[in-house]
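Enquirer: Mind the numbering: the sequence shown is residues 2 to 93 in the numbering used here, read in order. We treat Cβ as the ideally placed atom computed from N, Cα and C, and that holds for glycine. What you are looking at is a predicted structure, and each value in this text was computed from that prediction instead of being measured.
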Amino acid sequence: KTDDLIQGIRAMKFFGVGLDVYEEETHNVFENREDDILEHSVVARLLSFPNVIVTSHQAFLTEEALEAISRITLDNAVSFMNDGILKENQVC
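See the structure below:
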């Protein structure tokens, strides 16, 4: 939990913290928030510490991930068109 992490940072249990995944992340994906004031945000709390770096989580933007997403999505569409079945636990 982020609150536990923040407590650990305040207690100086970490020399530094680097994150690419965090709570509330979905509110910031594909949004330019550079001019926004993040008053009640986990990100704002984390960035208030000089020893914390937060980067965007974009592993899904790798060539391999995008190819897999495209392939699975097309396979799902073909399967649904052929037999009306949408495979479970697959990207659509």
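Can the beta-carbon of Val-55 be found less than 8 Å from the beta-carbon of Tyr-23?
Expert: Contact: yes.
Enquirer: Look up Gly-9 in the DSSP assignment and say whether it is helix, strand or coil.
Expert: It is helical.
Enquirer: I need the DSSP call for Ile-70, collapsed to helix, strand or coil.
Expert: Three-state DSSP puts Ile-70 in a helix.
Enquirer: Taking Cβ positions, are Arg-46 and Ile-7 nearer each other than 8 Å?
Expert: Yes.
Enquirer: What does DSSP give as the partner residue(s) for Gly-19 in the beta ladder?
Expert: Answer is Ile-54.
Enquirer: Please classify Val-43: is it buried, with 16 or more other beta-carbons within 10 angstroms of its beta-carbon, or exposed?
Expert: So Val-43 counts as buried.
Enquirer: At which residues does the alpha helix (DSSP H) containing Ala-45 begin and terminate?
Expert: That run of the alpha helix (DSSP H) goes 43-48.
Enquirer: Taking the CB atoms as reference points, tell me whether Phe-15 and Gly-9 lie closer together than 8 Å.
Expert: A contact, by the Cβ cut-off of 8 Å.
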